[in-house]
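K.L.:
Quick one: this structure, given as structure tokens, is what I'll be asking you about.
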Amino acid sequence: DTAVSQTPKYLVTQMGNDKSIKCEQNLGHDTMYWYKQDSKKFLKIMFSYNNKELIINETVPNRFSPKSPDKAHLNLHINSLELGDSAVYFCASTDLGRMHEQYFGPGTRLTVT
Amino acid sequence: GQQVMQIPQYQHVQEGEDFTTYCNSSTTLSNIQWYKQRPGGHPVFLIQLVKSGEVKKQKRLTFQFGEAKKNSSLHITATQTTDVGTYFCAGPNYGGSQGNLIFGKGTKLSVKP
């Protein structure tokens, strides 16, 4: 059983389009995250979501908006895609009551042309 | 702001050689985590260190947390091709919400058979 799943795995789209990436975790964790990993492999946190509290990294453009319908899901919507948005996006989850180790999804490779 | 630095950025070794990556934090950390990301894969949690001077071993991997809890290292003895990947250290992000991690930029290990 997949612990943290993401769809789609690959996403190729043109500049200016709007797209969404979905994430689901079946671990019963209370906190979920979105990370962006660029071509140099730098992992940067974009959002964290815990008990309906959203913490936004101030460097993230407001074209990015996370949406959490429930504790097991945290989707990422991106408006007006730009070339610089091309990256791998990882969803992750953790249980803040335990070790705080994070479980990552398989990633979504976004390519903006 | 808070920083977690890792060196080296890249390491190429011959199979059977040892490998070490070093992690330094600008602030004292309550704990440090290590993750491994295989090529094309997602980060996978390896271990968490909590105590000052702590040393933990996982088969050929030895993890150490410095006495001042500002630095850490991962040492692999007699590397194998299965060790290929990028190794990240991560510490709590004190500027973010609880459970947020700040990742080092990673050390990419390649192993020549």
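Chains as they are written, first to last, in our numbering: chain Y, 545 to 657; chain X, 17 to 129.
Idealized CB from N, CA, C, for every residue including glycine.
State the beta-bridge partners of residue 101 of chain X as determined by DSSP.
P.N.:
Translated into the one-based positions of the second sequence, residue 101 of chain X becomes position 85. Residue 101 of chain X is bridged to X/125.
K.L.:
List, in chain order, every chain X residue whose beta-carbon is nearer than 7 angstroms to that of residue 649 of chain Y.
P.N.:
Locating residue 649 of chain Y in the first sequence gives position 105, counting from the first residue. Chain X residues near residue 649 of chain Y: 58.
K.L.:
Comparing the C-beta of residue 116 of chain X with each C-beta of chain Y, is any distance below 8 angstroms?
P.N.:
Numbered from 1 along the second sequence, position 100 holds the residue referred to as residue 116 of chain X. True, the Cβ-Cβ gap to chain Y drops below 8 angstroms.
K.L.:
What in chain Y is Cβ-close to residue 122 of chain X, meaning under 8 angstroms?
P.N.:
Taking the first residue of the second sequence as position 1, residue 122 of chain X is located at position 106. Result: 585, 586 and 587.
K.L.:
Among all the DSSP beta bridges, which residues are the ones paired with residue 73 of chain X?
P.N.:
Sequence index remark: in the second sequence, residue 73 of chain X carries index 57 (1-based). X/78, per the DSSP bridge assignment.
K.L.:
In the structure shown, what three-state DSSP assignment does residue 574 of chain Y receive?
P.N.:
Within the first sequence, the letter at position 30 stands for residue 574 of chain Y. Correct three-state label for residue 574 of chain Y: coil.
K.L.:
Excluding sequence positions up to five away, which residues of its chain have a Cβ less than 6 angstroms from the Cβ of residue 116 of chain X?
P.N.:
As a working note, residue 116 of chain X is residue 100 in the second sequence. The beta carbon of residue 116 of chain X lies closer than 6 angstroms to those of 109 in the same chain, with the five residues before and after it left out.
K.L.:
Looking at residue 649 of chain Y: is its Cβ nearer than 8 angstroms to the Cβ of residue 549 of chain Y?
P.N.:
On the first sequence, residue 649 of chain Y is found 105 positions in, with the first residue counted as 1. On the first sequence, residue 549 of chain Y is found 5 positions in, with the first residue counted as 1. Yes. Within cutoff.
K.L.:
Should residue 644 of chain Y be flagged as near chain X, meaning a C-beta pair shorter than 8 angstroms?
P.N.:
Translated into positions along the first sequence, residue 644 of chain Y becomes position 100. Taking 8 angstroms as the CB threshold, residue 644 of chain Y lines the interface with chain X.
K.L.:
From X/78, X/127 and X/52, pick the residue whose C-alpha is nearest to that of residue 106 of chain X; which is it?
P.N.:
Residue 106 of chain X sits at position 90 when you count from the first residue of the second sequence. Per the Cα distances, X/52.
K.L.:
Judging by CA-CA distance, which residue of Y/556, Y/566, Y/624 and Y/591 is the nearest neighbour of residue 613 of chain Y?
P.N.:
The count along the first sequence starts at 1 and reaches residue 613 of chain Y at position 69. Of the listed residues, the one whose Cα sits closest to residue 613 of chain Y is Y/566.
K.L.:
Of the residues that make up the stretch 43-55 of chain X, which ones have a beta carbon closer than 7 angstroms to any beta carbon in chain Y?
P.N.:
Sequence-ordered contacts of the stretch 43-55 of chain X with chain Y read 49 [C-beta pairs closer than 7 angstroms].
K.L.:
Looking at the secondary structure, which residues open and close the beta strand (DSSP E) in which residue 644 of chain Y lies?
P.N.:
Translated into the one-based positions of the first sequence, residue 644 of chain Y becomes position 100. Here residue 644 of chain Y belongs to no beta strand (DSSP E), and DSSP marks it neither H nor E.
K.L.:
Give every residue of the same chain whose Cβ lies closer than 6 angstroms to the Cβ of residue 554 of chain Y, excluding the five residues on either side of it in the sequence, and list them in chain order.
P.N.:
If you number the first sequence from 1, residue 554 of chain Y lands on position 10. 653.
K.L.:
With DSSP as the reference, label residue 628 of chain Y as helix, strand or coil.
P.N.:
Residue 628 of chain Y sits at position 84 when you count from the first residue of the first sequence. Note: residue 628 of chain Y maps to helix in three-state DSSP.
K.L.:
Buried or exposed for residue 637 of chain Y, going by 16 or more other Cβ atoms inside 10 Å?
P.N.:
Taking the first sequence and counting its residues from 1, one reaches residue 637 of chain Y at position 93. Per the 10 Å Cβ criterion, buried.
K.L.:
Using three-state DSSP, classify residue 608 of chain Y as helix, strand or coil.
P.N.:
Residue 608 of chain Y sits at position 64 when you count from the first residue of the first sequence. Three-state DSSP puts residue 608 of chain Y in a strand.
K.L.:
Run through the DSSP bridge pairs and tell me what residue 22 of chain X is partnered with.
P.N.:
Here residue 22 of chain X refers to the residue found at position 6 of the second sequence. DSSP output for residue 22 of chain X lists X/39 as bridge partner(s).
K.L.:
Which residue wins for smallest C-alpha separation from residue 621 of chain Y, given the options Y/627, Y/615 and Y/605?
P.N.:
Counting from one through the first sequence, the residue named residue 621 of chain Y turns up at place 77. Among Y/627, Y/615 and Y/605, the Cα nearest to that of residue 621 of chain Y belongs to Y/605.
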